[in-house]
Amino acid sequence: MKGTLTHPAGTTEAVTLLREGWSLLVNQLGVQKATAFVLLFERGKGDTVEEITRYWGDASIDEIHNKVCSWKQQQSSFR
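Letter by letter, the sequence shown follows residues 11 to 89 of my numbering.
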């Protein structure tokens with residue numbers, strides 16, 4: 011399953027996607043780190059969709075999830 015970044019803002023799909031994404035971020039990173047992550051994408055500067063696409067490339071949602079889980083596991087082993 012591949013995710014898309016083409017949901018128009020304000021649609022039911024977009025709102026659902028935002029809520030699901032926030033929930034995943036909080037579950038994986040905690041509220042503080044999830045908030046810091048979101049704040050890295052400042053409004054009004056650049057194209058966030060373009061930045062995310064450049065960062066993740068053609069990775070599927072599952073691949074992104076696996077990378078985040080792997081990173082989280084590595085971070086917890088350093089503590």
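Note that CB positions come from ideal geometry on N, CA and C, so glycine has one too.
- C-alpha of Glu23 to C-alpha of Phe47: approximately 22 Å in a straight line.
- DSSP, read as helix, strand or coil, puts Phe51 in coil.
- If you look at Ser86, you'll find it in the alpha helix (DSSP H) that goes 71–87.
- Straight across, the Cα-Cα distance linking Thr45 with Glu60 is about 20 Å.
- Using a Cβ distance threshold of 8 Å, Gln38 and Lys82 count as a contacting pair.
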